[in-house]
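Visitor: Shown below is the structure under consideration.
Numbering (the numbering used here), first residue to last: 2 to 77.
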């Protein structure tokens, strides 16, 4: 399950960075058309970090770093 969450998060992030028309993305965001995409991406990130922390408490630094950097990357 952890691997599936990681794959989904990485796939969404990669597709967003490499294949996005940022003008169209802004319009879609303002119209509310990205809500389901944001929910899936955020859920995958939270699921991956949560499962990773349950399996390995030493990964807390990685988890908190991901939680902090994901929104910063999104808003940047």
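Every residue, glycine too, gets a C-beta built ideally from N, C-alpha and C.
Would residue 10 be called buried (16 or more neighbouring beta carbons within 10 Å of its own) or exposed?
Guide: As a working note, residue 10 is residue 9 in the chain shown. Its Cβ being crowded by 16 or more others within 10 Å, residue 10 is buried.
Visitor: Below 7 Å between beta carbons: does that hold for residue 3 and residue 35?
Guide: Here the question's residue 3 lines up with position 2 in the chain shown. Here the question's residue 35 lines up with position 34 in the chain shown. No, these two residues do not count as a Cβ contact at 7 Å.
Visitor: Since residue 4 is in the alpha helix (DSSP H), which residue starts that stretch and which ends it?
Guide: By one-based count along the chain shown, residue 4 stands at place 3. Per DSSP, residue 4 belongs to the alpha helix (DSSP H) from 3-19.
Visitor: For residue 49 and residue 6, which I take to be in contact (beta-carbon distance under 8 Å), what is that distance rounded to the nearest angstrom?
Guide: As a position in the chain shown, residue 49 is number 48, starting the count at 1. As a position in the chain shown, residue 6 is number 5, starting the count at 1. Indeed, because the Cβ distance is near 4 Å, the residues count as touching under 8 Å.
Visitor: Please report the straight-line C-alpha distance between residue 38 and residue 29, rounded to a whole angstrom.
Guide: Against the chain shown, residue 38 aligns to sequence position 37. Against the chain shown, residue 29 aligns to sequence position 28. Roughly 11 Å separates the two Cα atoms.
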